[in-house]
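Below is one structure, written out as structure tokens; comments come after it.
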Amino acid sequence: MEATGTDEVEKIKSKFMSAWHNMKYSWVLKTKTYFSRNSPVFLLGKCYHFKSDGMYITLTSFQSYGSSFDQINTEISGNVEEFRKDFISRIWLTYREEFPQIKGSALTTDCGWGCTLRTGQMLLAQGLMLHFLGRAWIWPDALDFENSDSESWTTHTVKKLTASFEASLTAEREPKILSNHHKGSLKRNCSDREMRNEVYHRKIISWFGDSPLAAFGLHQLIEYGKKSGKTAGDWYGPAVVAHILRKAVEEARDPELQGVTVYVAQDCTGKHVIDRQCSFMDSEKADTKAVIILVPVRLGGERTNMDYLEFVKGILSLEYCVGIIGGKPKQSYYFAGFQDDSLIYMDPHYCQSFVDVSIKDFPLESFHCPSPKKMSFKKMDPSCTIGFYCRNVQDFEKVSEEITKMLKSSSKEKYPLFTFVKGHSRDYDFASSPLREENDLFSEEEKKRLKRFSTEEFVLL
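Position 81 (the sequence shown) corresponds to 81 in full-length UniProt numbering; numbering is contiguous.
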């Protein structure tokens with residue numbers, strides 16, 4: 001009985017923490033984001049121009065996209081809308097609450113500690129979108145968010161806070177505040193290709209669902225993190241998350257995922273070396289195995305070195321880039337683009353209600369970000385993980401060639417962030433290391449590396 005009482009206290013505490021973090025971070029979705037009209041905007045390899053008379057264009061929440069865009073001439077409006085559709089089409093994964101309890105804990109939310117896992121999920125989701133849908137894919141409903149002018153995100157959050165408190169007192173599950181808009185997508189007359197794309201769109205999101213069975217859901221990632229000494233509620237750094245993602249993809253059992261793997265670049269005398277002859281790029285398998293390459297790097301010491309700005313911008317302008325797991329001290333963001341010296345990102349620090357992705361036609365709106373945010377590069381924490389997607393060995397050769405040119409032109413020092421070399425790794429093969437025991441997913445060497453990464457990286461809240 002006493003244990004049951006303790007569990008109830010923990011649940012009520014969890015609800016209040018979720019509501020508090022929701023209130024704390026919800027304002028970011030309503031703040032204005034300014035884009036210069038005279039500078040190009042890059043988003044994961046695509047370039048957009050808003051050029052016209054005047055200096056700035058303001059992008060507020062895309063859920064209220066009426067009057068603010070009426071002032072823009074037709075030429076710019078077209079390009080702005082293309083950018084909006086492209087941005088909204090990226091998969092957004094945020095804090096969630098009221099999901100099934102995480103094994104070994106009383107937690108039913110990741111508010112306050114799971115942001116780096118979420119940004120890692122977003123990077124992997126983008127890689128899978130390139131693999132199954134291609135970079136040109138745009139979500140048909142991207143501009144059909146319902147207008148929420150009548151109820152701000154903050155008001156919405158206050159209602160959730162009240163509902164959460166009442167549900168806690170009555171031991172009832174918090175009611176979901178969801179839109180019925182997704183029903184409209186079912187009525188659309190779709191071509192076979194559109195229907196196929198929508199199936200993959202939903203399938204990719206379902207792999208990141210907050211349930212124990214989801215291949216890349218929070219529950220599974222935490223299980224893999226336990227092998228490196230991490231538990232639910234701990235803070236995760238970008239490098240640790242990179243290794244967890246690799247293991248999650250390696251262990252995925254869905255037949256659709258057998259054609260893709262993840263490779264984490266290894267640390268070699270201070271440089272990250274990518275093996276150009278890894279098993280996944282074997283000449284006999286080049287057409288059957290795509291790869292997502294993750295490169296954990298440090299862009300400076302205590303602070304980010306501004307000399308790396310052009311390199312980071314160059315990376316985000318590549319069509320092969322799937323984003324950067326990074327952030328600023330104490331907060332993790334998913335960086336997906338830039339304008340001038342500011343990075344464009346998606347923020348996971350908004351707590352949303354659990355969505356059961358196992359049901360047919362589950363609502364999609366909460367998995368797409370309504371508003372881009374910008375942050376000065378100099379505020380970026382130096383620890384981050386860069387991601388690339390290569391469908392085949394030809395893509396890999398192009399990536400290595402383009403990045404090598406970038407490294408040479410952007411680095412003022414003799415030692416670049418990482419290099420491409422020929423040969424096999426002497427330490428171990430990240431892409432295809434065999435399992436030594438069923439319950440021991442990481443080798444002793446991997447565990448040592450992960451623990452070292454954990455101590456080197458900043459704390460993320």
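Glycine included, C-beta positions come from ideal geometry on N, C-alpha and C.
Assuming the contact rule is C-beta atoms closer than 8 Å, residue i and residue j should be a hit. Round their C-beta distance to whole Å, please.
i: residue 43; j: residue 336; result: 6 Å
i: residue 403; j: residue 324; result: The pair is not a contact, with the Cβ atoms about 14 Å apart (cut-off 8 Å).
i: residue 322; j: residue 127; result: 4 Å
i: residue 488; j: residue 242; result: This structure gives no information on residue 488, because the portion of the chain shown stretches from 1 to 461.
i: residue 81; j: residue 140; result: In fact, because the Cβ distance is near 14 Å, the residues do not count as touching under 8 Å.
When the Cα of residue i is compared with those of the options, which residue comes out closest?
i: residue 366; options: 353, 378, 360, 375; result: 353
i: residue 113; options: 295, 401, 237; result: 237
i: residue 383; options: 327, 135, 397; result: 327
i: residue 376; options: 92, 345, 9; result: 345
i: residue 121; options: 208, 132, 37; result: 208
i: residue 359; options: 333, 137, 214; result: 214
i: residue 46; options: 391, 338, 372; result: 338
i: residue 306; options: 342, 333, 332, 331; result: 342
i: residue 298; options: 331, 239, 254, 83; result: 239
i: residue 254; options: 263, 137, 206; result: 206
i: residue 123; options: 38, 202, 211, 262; result: 262
i: residue 85; options: 105, 144, 401; result: 144
i: residue 202; options: 302, 125, 333; result: 125
i: residue 310; options: 9, 266, 378; result: 378
i: residue 220; options: 191, 251, 198, 192; result: 251
i: residue 9; options: 35, 246, 300, 106; result: 106
i: residue 266; options: 246, 210, 103; result: 246
i: residue 198; options: 401, 364, 300, 104; result: 364
i: residue 83; options: 41, 212, 258; result: 41
i: residue 79; options: 35, 350, 135; result: 35
i: residue 222; options: 103, 393, 302; result: 103
Cβ of residue i within 7 Å of Cβ of residue j?
i: residue 142; j: residue 204; result: no
i: residue 348; j: residue 118; result: yes
i: residue 217; j: residue 244; result: no
i: residue 399; j: residue 320; result: yes
i: residue 293; j: residue 362; result: no
i: residue 373; j: residue 33; result: yes
i: residue 133; j: residue 200; result: yes
i: residue 196; j: residue 290; result: no
i: residue 101; j: residue 108; result: yes
i: residue 92; j: residue 369; result: yes
i: residue 406; j: residue 304; result: no
i: residue 37; j: residue 50; result: yes
i: residue 39; j: residue 340; result: yes
Mapping DSSP to helix, strand and coil, what is residue i?
i: residue 62; result: Its pLDDT being 41, under 50, residue 62 is placed unreliably by the model, and nothing is read from it.
i: residue 179; result: Low confidence applies to residue 179: its pLDDT is 43, below 50, so where it sits in the model is not reliable, and the reading given next is rough at best. Coil at residue 179, not helix or strand.
i: residue 142; result: coil
i: residue 345; result: strand
i: residue 16; result: helix
i: residue 253; result: coil
i: residue 114; result: coil
i: residue 91; result: strand
i: residue 85; result: helix
i: residue 294; result: strand
i: residue 97; result: strand
i: residue 375; result: strand
i: residue 242; result: helix
i: residue 323; result: strand
i: residue 386; result: strand
i: residue 309; result: helix
i: residue 76; result: Any reading at residue 76 is ruled out, since the residue's pLDDT is 48, under 50, leaving its predicted position unreliable.
i: residue 125; result: helix
i: residue 355; result: coil
i: residue 301; result: coil
i: residue 49; result: coil
i: residue 338; result: strand
Check whether the Cβ of residue i sits closer than 6 Å to any heavy atom of the ligand SAH, and report yes or no.
i: residue 102; result: Ligands in the displayed structure: none, and consequently the ligand SAH is not present.
Would you check if the region 340-357 and the region 84-98 touch, i.e. whether three or more CB-CB distances between them fall below 8 Å?
The region 340-357 and the region 84-98 touch, with three or more beta-carbon pairs separated by less than 8 Å.
Contact between the region 213-231 and the region 307-319 (3+ Cβ pairs under 8 Å)
By the Cβ rule, the region 213-231 does not count as touching the region 307-319, because fewer than three pairs are nearer than 8 Å.
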